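Colleague: Quick one: structure below, then a few questions.
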Amino acid sequence: MKVLRQIRVVYLKELVDILRDRRALISMIAVPLVVIPLLMFALGALSFFVMEQARQEQHRVMVLGGEHSPGVLTKLESLDGIVVVPEEGDHVDRILRRDIRAAVRIPEGFETAVDDERPAGEVTILTFEGDVKSNLAAGVLRSFFRDFRDGVVERRLAARDLSPDLLEPFAVDTSNVAPPEKVTGSTLGGVIPYIVILLCVTGAMYPAMDLTAGEKERGTMETILSSPVSRLALVLGKYLVVVTASIATTVLAIGSLGAMLVFGFSLLGDAADTGEALLALDPLALVAVFFLLLPVACLFSAALLALSVFARSFKEAQTYVSPLLLAAILPAIAATLPGIERNATLIWAPVLNIALVSKEMMIGTYDWSAIGLVFATTSVYAMLALVIAVRLFYRESVLFRS
Amino acid sequence: MVEVSGLSKSFSDRKRGLFHAVDGVSFRCEKGRIYGLLGGNGAGKTTTLRMLATLLKPSRGRATLEGFDVTEAPDAVRARVGFLSGATALYGRLTAREMVEYFGRLHGLRGSVLANRVDSLFASLGVHDFQDRRCDKLSTGMQQKVSIARTLVHDPPVMIFDEPTSGLDVLTARAVLGFISDCRARGKTVIFSTHIMREAEKLCDVIGIIHRGRLVDEGTLGDLCARHENPDLEEVFVKLVSGEAAA
């Protein structure tokens, strides 16, 4: 009972202390609540506007060999979305310099061969792969020549009194049977657990360092150690504050990001679909992911506390915790890769197991035994990390390192 | 009452190997008396006092405060001691009142008992005027008053001061020394470390001269001066320390 009371006293004091720290407020509240969503919105809006601008632009295109096919050239010149430039200079060099976005090579005698119903050779579209505007220009050209070819085939069939159905005896169609939440889950399945894991670590980082290494640096560690508070109560009080910060940061950031997606992108017209897609996520999956977030937050908080208490100063603590950030992010990234799926080995891998099971839940697969196992193993890892943190608080060589 | 017998502390590090910071220190301090540990930098004063305050565990030897052993009953010892040193800072983001109340709560005080105790301490130390200001906004003198209030909030029978005037201006240092003297008057057992001869002369009932982790001599100011045939404590100290160094 005495220990519980001490834990409560330490927890409340550390919470007040951390909430009065401007740097903590920035890292725990301002960044997840305002900065991250604003940055994501700004990035999204920027890419949306850039794409829109690119779509509306008239891309400069060179036609090679157009003089032999004046009819085709005239049609190309009247197309919306491209501007045909005179055939001057080295077309490859001009594409690479982005002076023109694409070129199309029409074989000699192409138009005559088409009219005479002889093989007309190959039309080649030259592009700068990876360049968005080049791809858009190529798309206009591809679409034109496909329609042109279909038109020629149709005319030839009509001249022979044959139905176009002769070439297309049956249709092939693809139809989605998955409900919207599963479609969205499949798309965002890997990303959401990754964001949650990342936020869990970043939310716990600052308080863990401040409440241990920061306390040593400010000279208050000796003050508190001379009080009758037990080391166990002291560590647990601090630990619970770090867990609270980790969960609060994650919940605030996810809530803020969700709101930004739903309301922010609706301002951008077509991109509102993204917000609607997020709304289509299975609420049960989201609740389950947040449920799995608890042992993750506990694990990171304990690990960060153990690492930070070892440091003599806040700066030294930053050096120690940086590798942990990588250790958390890499498994989370690995889980977003399409080929990586849960198996008998990976179910034991810390962080990766949570990310993989979360990914499954996002697409509607609930293997409750796996979920339970992952929850339990992560809780055990968190407990082990906490035991290490507590033991470090009992070591003079750690607390009085100089 | 504080009893120390053969207290030793060894550290091991890469540079120095096994290092004896405190080596077989023994002394005793009765209620209502001030025992002063006088020594230079690195003599072992802070390590000795940290062991008495249960921050460090002794490597050998024994120490009891009010009958409780520092190794066997550290919680009971901490409940009966007030520890103040240059390294016991305040929580800058808490107000003076929150700081003292926090330590009162850790000592098991609560409600009106805690509020009355803090009020009476603040009244006697003159903290009321700035009790709601954050500790990091207080002057050094104000901070020292809050630190004293923090050590006294549970009314401990034993007070340990590790170079409490270090870095303070003359007036604040005088106030702190006056407060230590008051502790004796109120019947507390006081252990006090310093490297300033005048402070030891002025305050201590018994002075223990510590050098390289060992207590090289002990006695009242009169005893020490008579034994070494010199009326000046500083001369006695230098003689003892240089003799040890030569040995």
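In order, the protein sequences belong to chains A and B.
Residue 463 is where the first sequence starts when you use our numbering, and the numbers rise one by one after that.
Residue 78 is where the second sequence starts when you use our numbering, and the numbers rise one by one after that.
All residues carry an ideal CB built from backbone N, CA and C; glycine is no exception.
Keep in mind the model is a prediction, meaning the values are calculated, not measured.
1. Do we get a CB-CB distance below 8 Å when we pair R482 of chain A with the residues of chain B?
2. Any beta carbon from chain D within less than 8 Å of D672 of chain A's own beta carbon?
3. Could you check where the beta strand (DSSP E) with I498 of chain A kicks off and where it finishes?
4. Is H184 of chain B helix, strand or coil when you go by DSSP?
5. To which residues of the same chain is V204 of chain B closer than 7 Å at the C-beta, ignoring the five residues directly before and after it?
6. Report buried or exposed for N815 of chain A, applying the criterion of at least 16 other Cβ atoms within 10 angstroms of its Cβ.
7. Run through DSSP, which three-state label would L254 of chain B get?
8. Can you look up C35 of chain B in the DSSP assignment and give me helix, strand or coil?
9. Thinking C-alpha only, which one of B:T131, B:S162 and B:G101 is nearest E149 of chain B?
10. For the beta strand (DSSP E) containing K86 of chain B, list its first residue and its last residue.
11. Would you mind telling me which residues of chain A sit closer than 8 Å to S162 of chain B, beta carbon to beta carbon, in chain order?
12. Please return the same chain residues whose Cβ sits closer than 6 Å to the Cβ of T586 of chain A, not counting the five positions on each side in sequence.
13. G169 of chain B CB to nearest chain A CB: under 8 Å?
14. Going by beta-carbon coordinates alone, are L761 of chain A and P812 of chain A separated by less than 8 Å?
15. Using 8 Å as the limit for Cβ to Cβ distance, is A733 of chain A near chain B?
16. How big is the Cα-Cα spacing for L598 of chain A and L508 of chain A?
17. Start and end of the beta strand (DSSP E) containing T266 of chain B?
18. My output table needs one value for L814 of chain A: the three-state DSSP class, helix, strand or coil.
19. So which of A:P532, A:E679 and A:I562 has the shortest CA-CA distance to F862 of chain A?
20. If you reduce the DSSP assignment to three classes, tell me which class L660 of chain A lands in.
21. Tell me which residues of the region 178-210 of chain B have at least one Cβ-Cβ distance to chain A shorter than 7 Å, keeping chain order.
22. Any beta carbon from chain B within less than 8 Å of E778 of chain A's own beta carbon?
23. Pick helix, strand or coil for T148 of chain B, following the three-state DSSP scheme.
24. What does the alpha-carbon distance come out to for the pair M274 of chain B and Q468 of chain A?
25. Could you list which residues in chain B have their beta carbon closer than 8 Å to that of D479 of chain A, in chain order?
26. Quick one: what does DSSP say A733 of chain A is sitting in, helix, strand or coil?
27. Between which two residues does the alpha helix (DSSP H) holding H553 of chain A run?
28. From this set, A:L673, A:V860 and A:A790, which residue's C-alpha is nearest A486 of chain A's C-alpha?
29. At 8 Å on the CB atoms, spell out the chain A contacts of A130 of chain B, in chain order.
30. Given a threshold of 16 other Cβ atoms within 10 Å of its Cβ, counted over all protein chains shown, does K92 of chain B qualify as buried or as exposed?
31. Cβ of V751 of chain A within 8 Å of Cβ of E476 of chain A?
32. Can you tell me whether DSSP reads G571 of chain A as helix, strand or coil?
33. Contact check, L748 of chain A vs L495 of chain A under 8 Å by CB: the rounded distance?
34. Within a Cβ cutoff of 8 Å, which residues of the same chain sit near E616 of chain A, ignoring the five residues on either side of it in sequence?
35. Quick one: grab the DSSP three-state call for S162 of chain B.
36. Measuring only the C-alpha atoms, how far is E312 of chain B from G117 of chain B?
Modeller: Let me lay it out:
1. yes
2. Any reference to chain D falls outside this structure, whose protein chains are A and B.
3. Premise fails: I498 of chain A lies in the alpha helix (DSSP H), I498 to Q518, not in any beta strand (DSSP E).
4. H184 of chain B falls in the coil class under three-state DSSP.
5. A173, K222, V223 and A226
6. buried
7. Note: L254 of chain B maps to helix in three-state DSSP.
8. Shown here, chain B extends from 78 to 324; a query on residue 35 of chain B therefore has no answer.
9. B:T131
10. V79 to D90
11. E684
12. R567
13. At least one C-beta of chain A is nearer than 8 Å to the C-beta of G169 of chain B.
14. yes
15. Note on A733 of chain A: pLDDT 49, under 50, position unreliable in the model; the coordinate value appears next. So no, A733 of chain A is outside the interface.
16. 18 Å
17. T266 to T271
18. helix
19. Among A:P532, A:E679 and A:I562, the Cα nearest to that of F862 of chain A is on A:E679.
20. helix
21. From the region 178-210 of chain B, only Y179, F180, R182, L183 and H184 have a Cβ closer than 7 Å to chain A.
22. no
23. Shown here, T148 of chain B sits in coil according to DSSP, grouped into three states, outside any helix or strand.
24. 41 Å
25. Y168, R170 and L171
26. Any reading at A733 of chain A needs caution, since the residue's pLDDT is 49, under 50, leaving its predicted position unreliable; the model's value is listed next. Helix.
27. H553 to L558
28. Comparing Cα-Cα distances from A486 of chain A to each of A:L673, A:V860 and A:A790, the minimum goes to A:L673.
29. S688
30. exposed
31. no
32. coil
33. Not really, about 19 Å apart at Cβ, beyond 8 Å.
34. These residues qualify, in order along the chain: P626.
35. strand
36. A direct Cα-to-Cα measurement between E312 of chain B and G117 of chain B gives close to 14 Å.
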